[in-house]
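K.L.:
Starting off with a structure, shown below.
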Amino acid sequence: MRKSNGDGVSPIIATILMLVLTILLVSIVSVPLISSSVDSLNDSMMLIDKIIQKPTPTLAQTATPSSTPTSTPTSTPTSTPTSTPTTSPYYTGGSEPFENISSLIDSINDWKPGVIAPLRDGFELIGDLEIAENPLVISADLLSDAGGTFVIKDSGGSIQRAPGRSDSPLLVLGSSGGLHIISGALKLDGMGQDSGAPLLEITSGAVFDINGNLILQNNVNRYDIMPGGGLWNNGDIILDGEITISGNTAPKGGGIYNSGTLELNSNKIYITGNTATEKGGGIYNAGGSVTLTKIGYIRANTAPAGNGKSYYAEAGSINAEAGSINNEISGLITTSTGDKYRDTDI
0 MRKSNGDGVS PIIATILMLV LTILLVSIVS VPLISSSVDS LNDSMMLIDK
50 IIQKPTPTLA QTATPSSTPT STPTSTPTST PTSTPTTSPY YTGGSEPFEN
100 ISSLIDSIND WKPGVIAPLR DGFELIGDLE IAENPLVISA DLLSDAGGTF
150 VIKDSGGSIQ RAPGRSDSPL LVLGSSGGLH IISGALKLDG MGQDSGAPLL
200 EITSGAVFDI NGNLILQNNV NRYDIMPGGG LWNNGDIILD GEITISGNTA
250 PKGGGIYNSG TLELNSNKIY ITGNTATEKG GGIYNAGGSV TLTKIGYIRA
300 NTAPAGNGKS YYAEAGSINA EAGSINNEIS GLITTSTGDK YRDTDI
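Here's what the structure looks like:
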């Protein structure tokens with residue numbers, strides 16, 4: 000037998016060991032490569048599967064049939080409203096004569112039922128009446144069978160200025176025309192609308208009798224076609240009873256413009272809060288005469304300084320009887336006395 004070499008390993012054993020080591024090394028290196036290859040193969044198979052995969056069929060949507068368009072009717076354009084008052088339903092027949100009182104009542108009640116009612120000697124206002132361009136004229140010429148009488152009693156009512164410009168008064172007391180306020184109140188209201196006339200015009204021959212209340216308010220006479228804010232007196236009249244003239248505006252005579260003969264004879268007459276852009280916030284006397292026999296007060300009226308916040312006498316006279324206004328003023332006030340205006344309250 001061959002003896003082993005004591006100094007080394009048998010060649011056969013060495014060869015076997017080398018093979019074992021080689022196999023181990025190959026195994027160690029190959030496992031990750033094989034794993035990677037397997038992963039790559041799996042990825043490739045998934046990609047191929049996605050590519051060749053058929054999409055899930057979906058139901059085809061039925062198209063909604065479009066409706067046949069219909070032609071939209073063209074609307075008639077509405078005109079832009081203007082500031083001119085409408086002739087109807089506002090009362091516009093006031094300047095036309097009526098054969099009798101019934102025709103006047105029918106005319107008004109046609110569009111404003113129940114506003115006025117007949118009386119034996121005239122007619123009665125029992126509601127609110129709105130006046131546009133033409134005034135309500137009370138005179139014997141227009142209402143001959145009733146003597147031109149306008150009666151207010153019990154609850155009374157108001158006459159208002161309609162929207163839009165109007166250059167006429169709301170109420171005119173003409174020849175032999177009468178305003179009788181037995182009880183209740185009559186309110187003439189300008190409603191703050193621009194106008195060219197006062198609320199109330201009194202002409203020669205008119206009759207004025209107030210046991211109730213008369214209120215003249217909120218008129219703006221901006222255009223001065225006819226003078227005065229609240230009242231224009233061109234006749235010969237005595238104002239008594241309870242009268243309030245307030246919140247009116249005019250170039251001259253914000254409260255009262257007088258060109259006739261006017262007497263104020265009640266301690267319940269109040270002229271307040273009126274404005275004159277030129278002269279005479281409370282009262283302007285253009286050439287007639289104004290007598291303050293009794294009066295409640297004239298205060299808080301407005302006019303440019305030196306132009307009569309309370310009153311201004313352009314011509315004629317303003318006569319304040321002794322003690323007529325809380326003993327504050329008395330005597331004859333005329334242009335010749337140099338006391339033609341007053342800027343302080345009375």
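Read left to right, the sequence shown gives residues 0 to 345 (numbering that gives the first Met the number 0). Every residue gets a Cβ at the ideal spot worked out from N, C-alpha and C, and that includes glycine.
1) Got a sec? Which residues, its chain only, sit under 6 Å from S157 by beta carbon, not counting five neighbours each side?
2) Rounded to whole angstroms, what's the CA-CA distance from L202 to F122? Just pull it up for me.
3) Compute the beta-carbon to beta-carbon distance between L170 and L124, rounded to the nearest angstrom, for a pair I have assumed lies under 8 Å.
4) Short check: CB of I130 to CB of I115, under 7 Å?
5) Counting only the same chain and skipping the five closest in sequence on each side, list residues whose C-beta sits under 8 Å from that of G113.
6) Taking the beta carbon of D109 as the centre, do at least 16 other beta carbons fall within 10 Å, making it buried, or is it exposed?
7) Excluding five sequence neighbours on each side, which residues of the same chain lie with their C-beta closer than 6 Å to the C-beta of Y234?
8) Excluding five sequence neighbours on each side, which residues of the same chain lie with their C-beta closer than 8 Å to the C-beta of L238?
9) Determine which residues share a DSSP beta bridge with Q159 and list them.
10) In this structure, what does DSSP give as the bridge partners for A116?
11) Among all the DSSP beta bridges, which residues are the ones paired with V19?
12) Quick check: what's the CA-CA separation for I297 versus W231?
13) Start and end of the beta strand (DSSP E) containing E262?
14) Is T343 helix, strand or coil by DSSP?
15) Do S194 and N220 have their C-beta atoms within less than 7 Å of each other?
16) So is A161 buried or exposed if we call it buried at 16+ other beta carbons inside 10 Å?
17) Give the list of continuous beta strand (DSSP E) stretches no shorter than 3 residues that lie fully inside the stretch 231–292.
18) Measure the C-alpha to C-alpha separation of M190 and Y256 and round it to an integer number of angstroms.
19) Rounded to whole angstroms, what's the CA-CA distance from Y311 to I214? Just pull it up for me.
20) So what does T301 bridge to, in DSSP terms?
21) Can you give the Cα-Cα distance for D277 and S167, rounded to whole angstroms?
22) Let me know the secondary structure DSSP gives L135 once reduced to three states.
23) For P303, count neighbouring Cβ atoms within 10 angstroms of its own Cβ and tell me buried if that reaches 16, exposed if not.
24) I think M225 touches P250, with their Cβ atoms under 8 Å apart; what is that distance to the nearest whole Å?
25) Start and end of the beta strand (DSSP E) containing E313?
26) A196 by DSSP, collapsed to three states: which one?
27) Thinking C-beta only, is G286 closer than 7 Å to G254?
28) So for D398, helix, strand or coil by DSSP?
P.N.:
Result, derived from the coordinates:
1) D127, K186 and D188
2) The question names Leu, yet the displayed sequence has Thr at residue 202. So the alpha carbons of these two residues sit roughly 20 Å apart.
3) Actually they are not in contact, since the Cβ atoms of L170 and L124 sit about 10 Å apart, beyond 8 Å.
4) no
5) I125 and G126
6) exposed
7) In the sequence under discussion, the amino acid at residue 234 is Gly, which differs from the Tyr named in the question. Cβ within range, chain order: I201, T202, S203, A205 and G259.
8) F207, I209, L261, E262, L263, N264, S265 and I268
9) E129 and D188
10) E123
11) Answer is none; V19 lacks a bridge partner.
12) 17 Å
13) T260 to N264
14) coil
15) yes
16) buried
17) 235–238, 241–245, 248–251, 255–257, 260–264, 268–271, 274–278 and 282–284
18) 20 Å
19) 22 Å
20) T274
21) According to the sequence provided, residue 277 is Glu. The question's Asp does not apply to it. Roughly 21 Å separates the two Cα atoms.
22) strand
23) exposed
24) Not really, about 11 Å apart at Cβ, beyond 8 Å.
25) That residue, E313, is in no beta strand (DSSP E); it is neither H nor E in DSSP.
26) coil
27) no
28) Residue 398 lies beyond the residue range present for the chain, which begins at 0 and ends at 345; the question has no answer from this structure.
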